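Engineer: If you're matching positions, the first sequence starts at 545 in this note's numbering and goes up one per residue.
The C-beta atom is built at its ideal place from N, Cα and C for all residues, glycine as well.
The structure displayed is predicted, hence computed values, not measured ones.
Structure provided below as structure tokens; questions to follow.
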Amino acid sequence: MRIATWNINSVRAHLDRTLAYLAAHEVDVLALQETKVKDAVFPVAPFEAAGYRVARHGIDQWNGVALASRVGLAEVRTHFPAQPPFAKGGAAPALEARAISAVCGGVTVWSLYVPHGRASADPHMAYKLAFLKALAHDADRWIGRDPSAQFAFVGDFNVAPLDSDVWDPAVFEGKTHTSAGERAAFGELARVGMREVTREHIPEAGAYTFWDYQQLRFPRNEGMRIDFAYCSPALADRVTGVRIVREERKGRGASDHVPVELDLA
DNA sequence: ATGACTCATTACATGAGA
545 MRIATWNINS
555 VRAHLDRTLA
565 YLAAHEVDVL
575 ALQETKVKDA
585 VFPVAPFEAA
595 GYRVARHGID
605 QWNGVALASR
615 VGLAEVRTHF
625 PAQPPFAKGG
635 AAPALEARAI
645 SAVCGGVTVW
655 SLYVPHGRAS
665 ADPHMAYKLA
675 FLKALAHDAD
685 RWIGRDPSAQ
695 FAFVGDFNVA
705 PLDSDVWDPA
715 VFEGKTHTSA
725 GERAAFGELA
735 RVGMREVTRE
745 HIPEAGAYTF
755 WDYQQLRFPR
765 NEGMRIDFAY
775 CSPALADRVT
785 GVRIVREERK
795 GRGASDHVPV
805 ELDLA
């Protein structure tokens, strides 16, 4: 079975590329982030025509996550139990559309869009750290309850865990994505037994998954590695290969992120 | 070899992204 994750940066704006990618890559389960679309307007039909069932979670034009699967789609959930809410612009705290899960081909796949953080002192940063810690909390419970559980947290984690995950660490000093706090929160998942399988299979430096649209970042290969796949121990043992599909950043109409694929035995 | 930001909005400027 092949699972892919992709921050698509609007599923409507990049629908044609998404469908072409699915057709070309024999993907069984595609986890999307930043779909930027409300549920009622999500383009479900084109995915169904391609043989996929869709579960989506979008509240407004921000965030938005989805799963497309051709190996079953059951027990859909639109947040994880400990997921923290965020108080947006003085409004009451509310859960955002940053997580969706379903059981696909016997694996519980979570498509996750971790909050960006915005700036080191911004309330969004505390939200980001709480989000990652809550994820680790739930993973810890699930592994404790059933050590053979097969689940994956895939998506845009918005953390560059190593200095080699960004083209120039100096650029990020005092900002987001590379701080000790963010890296510690990311590492909490490993501490509870989750295994980040993309690093296991692609340890090389410079294996980026994101390049900013601005300042010729892609042609200059000035990117960031921020899309990952944390698997439960039993699932991690089944991973036979991982690929970062760099070609998807080329040309017009590309997302600023590329797909990351996992092959399971 | 990829190219000088892009997306959505009861839009025509703004917020968000990283």
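(1) So does Gly725 have its beta carbon nearer than 7 Å to some heavy atom of the ligand PLP?
(2) What do you get for Pro747, buried or exposed, if any count of 16 or more other CB atoms within 10 angstroms of its CB means buried?
(3) Hey, would you say Ile547 sits closer than 8 Å to Asp583, going by beta carbons?
(4) Run through the DSSP bridge pairs and tell me what Gly699 is partnered with.
(5) In whole angstroms, what is the alpha-carbon distance linking Asp690 and Glu592?
(6) Which whole-angstrom value describes the C-beta separation of Leu611 and Ala575, a residue pair presumed to lie in contact below a C-beta threshold of 8 Å?
(7) Could you tell me if Gln758 is buried or exposed, where buried requires 16 or more neighbouring beta carbons within 10 angstroms of its beta carbon?
(8) Can you give the Cα-Cα distance for Ile843 and Trp654, rounded to whole angstroms?
(9) Throw me the rounded Cβ distance for the Lys672 and Val658 pair, which I believe falls under 8 Å.
(10) So, do the segment 717-730 and the segment 781-790 have three or more beta carbon pairs nearer to each other than 8 Å?
(11) I need the boundaries of the beta strand (DSSP E) containing Asp807, first residue and last residue.
(12) Is the segment 763-776 in contact with the segment 684-700, if contact means three or more CB pairs nearer than 8 Å?
(13) If I measure Cβ to Cβ from Gly797 and keep anything under 8 Å in the same chain, skipping five residues before and after, which residues do I get?
(14) Are there 16 or more other CB atoms within 10 angstroms of the CB of Gly595, so buried, or fewer, so exposed?
(15) Can Val620 and Ala646 be called in contact, C-beta distance under 8 Å?
(16) Note down the Cα distance separating Asp771 from His745, rounded to an integer number of angstroms.
(17) Among the residues of its own chain, which have a CB less than 7 Å from the CB of Ala734, if the five just before and after it don't count?
(18) Which residue wins for smallest C-alpha separation from Asp807, given the options Lys794, Arg782, His801 and Gly795?
(19) Below 8 Å between beta carbons: does that hold for Phe586 and Gly602?
Structural biologist: Taking the coordinates as given:
(1) Looking for the ligand PLP in the displayed structure turns up nothing, as the structure carries no ligands at all.
(2) Here Pro747 is exposed: its Cβ has fewer than 16 other Cβ atoms, across all protein chains shown, within 10 Å.
(3) No Cβ-Cβ contact shorter than 8 Å links Ile547 with Asp583.
(4) Secondary-structure assignment with DSSP links Gly699 through a beta bridge to Leu656 and Phe772.
(5) Rounded to whole angstroms, Asp690 to Glu592 spans 33 Å at the Cα level.
(6) With a contact defined as Cβ atoms closer than 8 Å, Leu611 and Ala575 qualify at about 6 Å.
(7) Exposed, by the Cβ-count rule.
(8) Because the chain spans 545 through 809 in this model, residue 843 falls outside it and cannot be assessed.
(9) About 6 Å separates the two Cβ atoms, so the contact holds.
(10) Not touching, per the Cβ criterion.
(11) Looking at the DSSP string, the run of the beta strand (DSSP E) that includes Asp807 is Val804 to Leu808.
(12) A contact exists between the segment 763-776 and the segment 684-700.
(13) Contacts found: Ala557, His558, Asp560 and Arg561.
(14) In the assembly as shown, Gly595 is an exposed residue. Its beta-carbon has fewer than 16 other beta-carbons within 10 Å.
(15) Going by C-beta atoms, Val620 is nearer than 8 Å to Ala646.
(16) Counting only the Cα atoms, His745 lies some 14 Å from Asp771.
(17) Excluding residues within five positions, the ones whose Cβ falls inside 7 Å are Glu740.
(18) Checking every option, the nearest Cα to that of Asp807 belongs to Arg782.
(19) Against a cut-off of 8 Å, the Cβ pair of Gly602 and Phe586 comes out as a contact.
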